[in-house]
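S.K.: Protein sequence lines, in the order shown, are assigned to chains A, B, C and D.
With our numbering, the residue at position 6 of the first sequence is 6, and numbering never jumps.
One gets our numbering by counting positions in the second sequence from 1 and adding 212 to each.
One gets our numbering by counting positions in the third sequence from 1 and adding 424 to each.
One gets our numbering by counting positions in the fourth sequence from 1 and adding 636 to each.
By construction, the Cβ of each residue, glycine as well, lies at the ideal position given by its N, Cα and C atoms.
Since this is a predicted model, take the numbers as computed values, not measurements.
Got a structure here, written out as structure tokens. Questions coming.
Number of protein chains: 4
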Amino acid sequence: MEIIDLSGLNLHEKEQRILEASIKVFSEKGFSAATTSEIAKNAGVAEGTIFRYFKTKKDILRGILIQTINLVGEKLVIEQVEKILLDNADKDLHTTLKELLYDRLKLVDSIFPMARVIITEALFHEDVREAVFEHIIAKALNVFSLFHQRMAEKGVLRNDLEPEILFRSIIGNMAILIAQKKMFNDQFKLADLDSEFEKMFDVLLYGIAKRD
Amino acid sequence: MEIIDLSGLNLHEKEQRILEASIKVFSEKGFSAATTSEIAKNAGVAEGTIFRYFKTKKDILRGILIQTINLVGEKLVIEQVEKILLDNADKDLHTTLKELLYDRLKLVDSIFPMARVIITEALFHEDVREAVFEHIIAKALNVFSLFHQRMAEKGVLRNDLEPEILFRSIIGNMAILIAQKKMFNDQFKLADLDSEFEKMFDVLLYGIAKRD
Amino acid sequence: MEIIDLSGLNLHEKEQRILEASIKVFSEKGFSAATTSEIAKNAGVAEGTIFRYFKTKKDILRGILIQTINLVGEKLVIEQVEKILLDNADKDLHTTLKELLYDRLKLVDSIFPMARVIITEALFHEDVREAVFEHIIAKALNVFSLFHQRMAEKGVLRNDLEPEILFRSIIGNMAILIAQKKMFNDQFKLADLDSEFEKMFDVLLYGIAKRD
Amino acid sequence: MEIIDLSGLNLHEKEQRILEASIKVFSEKGFSAATTSEIAKNAGVAEGTIFRYFKTKKDILRGILIQTINLVGEKLVIEQVEKILLDNADKDLHTTLKELLYDRLKLVDSIFPMARVIITEALFHEDVREAVFEHIIAKALNVFSLFHQRMAEKGVLRNDLEPEILFRSIIGNMAILIAQKKMFNDQFKLADLDSEFEKMFDVLLYGIAKRD
DNA sequence: TATGAATGAGAATTCATTCAT
DNA sequence: GATGAATGAATTCTCATTCAT
Chain A
1 MEIIDLSGLN LHEKEQRILE ASIKVFSEKG FSAATTSEIA KNAGVAEGTI
51 FRYFKTKKDI LRGILIQTIN LVGEKLVIEQ VEKILLDNAD KDLHTTLKEL
101 LYDRLKLVDS IFPMARVIIT EALFHEDVRE AVFEHIIAKA LNVFSLFHQR
151 MAEKGVLRND LEPEILFRSI IGNMAILIAQ KKMFNDQFKL ADLDSEFEKM
201 FDVLLYGIAK RD
Chain B
213 MEIIDLSGLN LHEKEQRILE ASIKVFSEKG FSAATTSEIA KNAGVAEGTI
263 FRYFKTKKDI LRGILIQTIN LVGEKLVIEQ VEKILLDNAD KDLHTTLKEL
313 LYDRLKLVDS IFPMARVIIT EALFHEDVRE AVFEHIIAKA LNVFSLFHQR
363 MAEKGVLRND LEPEILFRSI IGNMAILIAQ KKMFNDQFKL ADLDSEFEKM
413 FDVLLYGIAK RD
Chain C
425 MEIIDLSGLN LHEKEQRILE ASIKVFSEKG FSAATTSEIA KNAGVAEGTI
475 FRYFKTKKDI LRGILIQTIN LVGEKLVIEQ VEKILLDNAD KDLHTTLKEL
525 LYDRLKLVDS IFPMARVIIT EALFHEDVRE AVFEHIIAKA LNVFSLFHQR
575 MAEKGVLRND LEPEILFRSI IGNMAILIAQ KKMFNDQFKL ADLDSEFEKM
625 FDVLLYGIAK RD
Chain D
637 MEIIDLSGLN LHEKEQRILE ASIKVFSEKG FSAATTSEIA KNAGVAEGTI
687 FRYFKTKKDI LRGILIQTIN LVGEKLVIEQ VEKILLDNAD KDLHTTLKEL
737 LYDRLKLVDS IFPMARVIIT EALFHEDVRE AVFEHIIAKA LNVFSLFHQR
787 MAEKGVLRND LEPEILFRSI IGNMAILIAQ KKMFNDQFKL ADLDSEFEKM
837 FDVLLYGIAK RD
């Protein structure tokens, strides 16, 4: 996976403005349909300036990917670990899980434009998928596995299935909720994110089957 | 919702070939990055021929949308109803649900290229989202609601939550499985779809929480 | 001048329909902007049929030119001669001239769509100009010269200037009236063609200068 | 009439070169038959550069129209007024008229390529006709009306007909002379413009009829 | 460093003409 | 003879990228 070089993230102010503008424009139109001219306008720089900081338009995408990975890797994974390690004593694991997922949901909600860009490109490009897997999914899965182990020991999570399976369900349920909120809010007339999360959490934990 | 005119689906052979080639190319590169020249090459027609059947490149997309909606609406929703109505006597509902979801999974798996095109465009265009909602989601939700009622009466599905919530979880779990299979198969080294389905079905039904 | 071969004007019915449709479409949009598809639609034939009768689109124009020349040469020039020869006895020349010009005006008015096509093309192509000159202008000028001679003898027309000069003024005055009628009728709110002709005839004959 | 926005005529050098090349090419081939590629070659710029200055090919035409109207409006109408106002004392009106028309003839002769483009388009498009009428014809007619009033008072021009009629004859006689010069010079073997003008002026003033 | 005018390769689209039926 | 689907060269227009200032 050579697409990402995470070193040297000393971002010039204009570089950052260009990245932000690109996230906005890519997110609204998709990578191909976006033009460097519109990005420049949004960033408040000349079109030529973009190419001082990014050799090609493709490199802007790479820049976004790097930033996303950085941000998500930091907030979504690192902080998660801290939470798990810190919250042993005073709170029970069930509450911790709930809080954890709720925080993740808020996070994803807030970086949705960025996520949309990454997801769309990941749909079409293997190298982007690899980067996402290596830098986000694999790490998150590792953390979750640790967490799952502890949860399973305490009898909160199932241990008759691999953690990957549980993780997948978590991601699936969270993803579809976000998607519904972001893309079909008008059609579904959903409740606020808080109460939607409660229901999702319920189904995620206990399934759709009627209990005996 | 004016994007779709489902009438007149008497598809000329070349028109069909162009649509198929478009699905392939759009699916590989996305709508904007795909070129009519490449579509023509894939369809084995002259570039000009495309524009005999579709006024603009955008219209090809519309054609795909119409076909997908038709196909999905027919196979995914209509056949589902039949299944439900026919399978009352000889099979229990739990088995029916399993079969039903498994069939849906296979279907989505098979039309994934088409689905990928639609999903990407839906991400960026409200009118596509509306079409997808009206012609697929809303219908499917209706059918599921009927099914849920029966399932709930029989004590198979939960009735303490709205059917929408259960439906969302089903979609979420199925979607993430497909995505994993189609996009990260190399990374995850998944088992075959059959056994992955079994696990997903388990988690979907009973949740990730440990039972008391 | 090889553009025209006036022989063989045995027009097939469809050929005639194609020519008529072409006059309509060329006249509305100009030669280049007109499409053979639209001509075909207007003529009520298949597009391929056009190319049975005319090797190229350019040839349709040639066909129109031939027809125009034929028609104008016949009606505008030949009949004019007859009029002159027949009207010696019973009418004075002044009345004859008036009638003559009035008839020409009506004729040009009626074939305006055809004329518009020819004029536009003549503006851009030397060969068309040559054809128009040779087959229409030169002939008309010849006839007028004869007529002028007789008129001059009778003291009706000036003989201190070459007939070409008088002829030019006639054409100029008639042309500008037609143009005004056909192109700026909304802006000028002209009277009917009859009374406009009367004024034009007055100015043409006696000039714009105040008589002593 | 929205086709024209006369503001902002600060023409960039390349823009001017593109307009000049367009006048040349449009004038030679007509708008539809002209290609942007040929315009670019003539202007000595890349084809893409054209579209920096003019959004569409149609907009180039609009640019020409604006320039023509400006030029003609300025030179043909404004200067005319000055001439009339200044020449009261030292020259008689008859001489003034002659000079005036002769200058107009020279002007039209010099902008003939531009005029040819405008005329052709005016033949087919109402909006162009309206622009020409409003910005050129109407203004010129106003000026002439003033001039006619003074001329009539001095007994130089007829006052038994509306000035529009006289104006029409002037335009007709001038137009046909220009047309003859520009389009049929080879065929007619005309004298130089000066002496042709003399004859035209004679016929225009005194008509084609023999005086008693 | 920043600019934005200029570029030109490449994209979508048009349309006269051909040809199998 | 007539058709109209198919063609592909030509056309308008776009836009990432370069470079002189």
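How many angstroms separate the CA atom of residue 62(A) from the CA atom of residue 53(A)?
M.R.: Here residue 62(A) is taken as the residue at index 62 of the first sequence, counted from 1. Here residue 53(A) is taken as the residue at index 53 of the first sequence, counted from 1. Those two C-alpha atoms are separated by around 12 Å.
S.K.: Could you tell me whether the segment 736-750 of chain D touches the segment 809-817 of chain D, where touching means 3 or more Cβ pairs closer than 8 Å?
M.R.: These segments touch.
S.K.: Candidates 440(C), 546(C), 453(C): which alpha carbon is nearest residue 473(C)'s?
M.R.: Here the question's residue 473(C) lines up with position 49 in the third sequence. Ranking 440(C), 546(C), 453(C) by Cα distance to residue 473(C) puts 440(C) first.
S.K.: Please report how far the alpha carbon of residue 224(B) lies from the alpha carbon of residue 278(B), in whole angstroms.
M.R.: Against the second sequence, residue 224(B) aligns to sequence position 12. Against the second sequence, residue 278(B) aligns to sequence position 66. Answer to the nearest angstrom: the Cα atoms are 15 Å apart.
S.K.: Can you find the residues in the same chain that come closer than 8 Å, C-beta to C-beta, to residue 740(D), ignoring five residues on each side of it along the sequence?
M.R.: Here residue 740(D) is taken as the residue at index 104 of the fourth sequence, counted from 1. Closer than 8 Å at the Cβ level, and outside the excluded window around residue 740(D), lie 712, 716, 810.
S.K.: Give the interface partners of residue 816(D) over in chain C, defined as CB-CB distance under 7 Å, in chain order.
M.R.: Residue 816(D) sits at position 180 when you count from the first residue of the fourth sequence. The contacting residues are 592.
S.K.: Using beta carbons (cut-off 8 Å, strictly below), is residue 367(B) in contact with chain A?
M.R.: Counting from one through the second sequence, the residue named residue 367(B) turns up at place 155. For residue 367(B), the answer is yes, since a Cβ of chain A falls inside 8 Å of its Cβ.
S.K.: Quick check on the burial criterion: 16 or more other C-beta atoms within 10 angstroms. Buried or exposed for residue 843(D)?
M.R.: In the fourth sequence, residue 843(D) corresponds to position 207, counting from 1. Residue 843(D) is buried by the Cβ-count criterion.
S.K.: Got a sec: is the Cβ-Cβ distance from residue 736(D) to anything in chain C below 8 Å?
M.R.: The count along the fourth sequence starts at 1 and reaches residue 736(D) at position 100. No - not a single Cβ of chain C is within 8 Å of the one on residue 736(D).
S.K.: Can you list, in chain order, the residues of its chain whose CB lies under 7 Å from that of residue 259(B), leaving out five sequence neighbours each side?
M.R.: Locating residue 259(B) in the second sequence gives position 47, counting from the first residue. Result list for residue 259(B): 248, 249, 252, in chain order.
S.K.: Please classify residue 657(D): does DSSP put it in a helix, a strand, or coil?
M.R.: Position 21 of the fourth sequence, counting from 1, holds the residue named residue 657(D). Residue 657(D) falls in the helix class under three-state DSSP.
S.K.: Quick one: residues in its chain with C-beta nearer than 7 Å to the C-beta of residue 781(D), no 5 flanking neighbours on either side, listed in chain order?
M.R.: Position 145 of the fourth sequence, counted from the start, is the residue given in the question as residue 781(D). Here the set comprises 799.
S.K.: Output needed for residue 154(A): all residues of its chain with C-beta closer than 7 Å, excluding positions within five of it in sequence on either side, in chain order.
M.R.: The residue you call residue 154(A) lines up with position 154 of the first sequence. Cβ within range, chain order: 93.
S.K.: For residue 157(A), does the three-state DSSP call read helix, strand or coil?
M.R.: As a position in the first sequence, residue 157(A) is number 157, starting the count at 1. Residue 157(A): strand per DSSP, three-state reduction.
S.K.: Go through its chain and collect everything with a Cβ distance to residue 363(B)'s Cβ below 8 Å, but skip five positions before and after it.
M.R.: Looking up residue 363(B) in the second sequence gives position 151. These residues qualify, in order along the chain: 305, 309, 369.
S.K.: For residue 236(B), I'd like the list of residues in its chain whose CB is within less than 7 Å of its CB, leaving aside the five on either flank, ordered along the chain.
M.R.: Residue mapping note: residue 236(B) aligns to position 24 of the second sequence, counting from 1. Only 254, 325 meet the Cβ criterion.
S.K.: Would residue 756(D) count as contacting chain C if we go by Cβ distances under 8 Å?
M.R.: By one-based count along the fourth sequence, residue 756(D) stands at place 120. Yes, its Cβ sits closer than 8 Å to a Cβ of chain C.
S.K.: In chain order, what residues of the same chain lie with their CB nearer than 6 Å to the CB of residue 425(C), ignoring the 5 residues before and after it?
M.R.: For the purposes of this step, residue 425(C) is identified with residue 1 of the third sequence, where counting begins at 1. Here the model assigns residue 425(C) a pLDDT of 40, short of 50, so the residue's position is not dependable, and the following value carries that caveat. Answer for residue 425(C): 554, 555, 558, listed in chain order.
S.K.: Less than 8 Å between the C-beta atoms of residue 123(A) and residue 328(B), yes or no?
M.R.: Taking the first residue of the first sequence as 1, we reach residue 123(A) at position 123. Taking the first residue of the second sequence as 1, we reach residue 328(B) at position 116. Going by C-beta atoms, residue 123(A) is nearer than 8 Å to residue 328(B).
S.K.: Could you list which residues in chain A have their beta carbon closer than 8 Å to that of residue 396(B), in chain order?
M.R.: Working through the second sequence from its first residue, we reach residue 396(B) at position 184. Ordered by position in chain A, the residues that pass the 8 Å Cβ test against residue 396(B) are 129, 133, 137.
S.K.: Would you mind stating whether residue 169(A) and residue 204(A) have Cβ atoms separated by less than 8 Å?
M.R.: Along the first sequence, read from residue 1 onward, the residue named residue 169(A) stands at position 169. Along the first sequence, read from residue 1 onward, the residue named residue 204(A) stands at position 204. Contact: yes.
S.K.: For residue 239(B) versus residue 32(A), is the C-beta spacing smaller than 8 Å?
M.R.: Here residue 239(B) corresponds to residue number 27 of the second sequence, with the count starting at 1. Here residue 32(A) corresponds to residue number 32 of the first sequence, with the count starting at 1. No, these two residues do not count as a Cβ contact at 8 Å.
S.K.: Using the beta-carbon count (16 or more within 10 Å), is residue 825(D) buried or exposed?
M.R.: Residue 825(D) sits at position 189 when you count from the first residue of the fourth sequence. Label assigned to residue 825(D): exposed.
S.K.: With DSSP as the reference, please indicate the residues paired to residue 633(C) in a beta bridge.
M.R.: One-based indexing of the third sequence puts residue 633(C) at position 209. Bridge partners of residue 633(C): 793(D).
S.K.: In chain C, which residues lie with their C-beta within 8 Å of the C-beta of residue 846(D)?
M.R.: Walking along the fourth sequence from the start, residue 846(D) turns up at place 210. Those within 8 Å of residue 846(D) in chain C are 576, 579, 580, 581, 582, 583.
S.K.: Hey, how far is the Cα of residue 481(C) from the Cα of residue 497(C)?
M.R.: Here residue 481(C) refers to the residue found at position 57 of the third sequence. Here residue 497(C) refers to the residue found at position 73 of the third sequence. Their backbone Cα atoms lie some 24 Å apart in a straight line.
S.K.: If I follow the unbroken alpha helix (DSSP H) through residue 110(A), where does it start and stop?
M.R.: As a first step, residue 110(A) must be located in the first sequence, where it is residue number 110. Counting along the chain, the alpha helix (DSSP H) containing residue 110(A) begins and ends at 93-110.
S.K.: Could you give the DSSP three-state label for residue 648(D): helix, strand or coil?
M.R.: Locating residue 648(D) in the fourth sequence gives position 12, counting from the first residue. It is coil, neither helix nor strand.
S.K.: Can you pull the chain A neighbours of residue 411(B), defined as C-beta to C-beta under 7 Å?
M.R.: Here residue 411(B) refers to the residue found at position 199 when the second sequence is read from its first residue. 161, 165, listed in chain order.
S.K.: Where does the unbroken alpha helix (DSSP H) through residue 676(D) begin, and where does it stop?
M.R.: Here residue 676(D) refers to the residue found at position 40 of the fourth sequence. Where residue 676(D) is concerned, the enclosing alpha helix (DSSP H) stretches over 672-679.
S.K.: Can you check whether the C-beta of residue 328(B) is within less than 8 Å of a C-beta belonging to chain A?
M.R.: Position 116 of the second sequence holds residue 328(B). Yes, contact with chain A.
S.K.: For residue 75(A), report the span of its alpha helix (DSSP H) as first-last.
M.R.: Within the first sequence, numbered from 1, the residue matching residue 75(A) stands at position 75. No alpha helix (DSSP H) contains residue 75(A), which DSSP labels as neither H nor E.
S.K.: Please check if any C-beta of chain A sits within less than 8 Å of the C-beta of residue 265(B).
M.R.: Here residue 265(B) is taken as the residue at index 53 of the second sequence, counted from 1. Chain A contact via Cβ: absent.
S.K.: Which residues in chain D have a C-beta closer than 7 Å to the C-beta of residue 570(C)? List them in chain order.
M.R.: One-based indexing of the third sequence puts residue 570(C) at position 146. None at all; the shortest Cβ gap to chain D is about 16 Å.
S.K.: Examine chain C for any beta-carbon lying closer than 8 Å to the beta-carbon of residue 809(D), and answer yes or no.
M.R.: Here residue 809(D) refers to the residue found at position 173 when the fourth sequence is read from its first residue. Closer than 8 Å to some Cβ of chain C, the Cβ of residue 809(D) qualifies, so yes.
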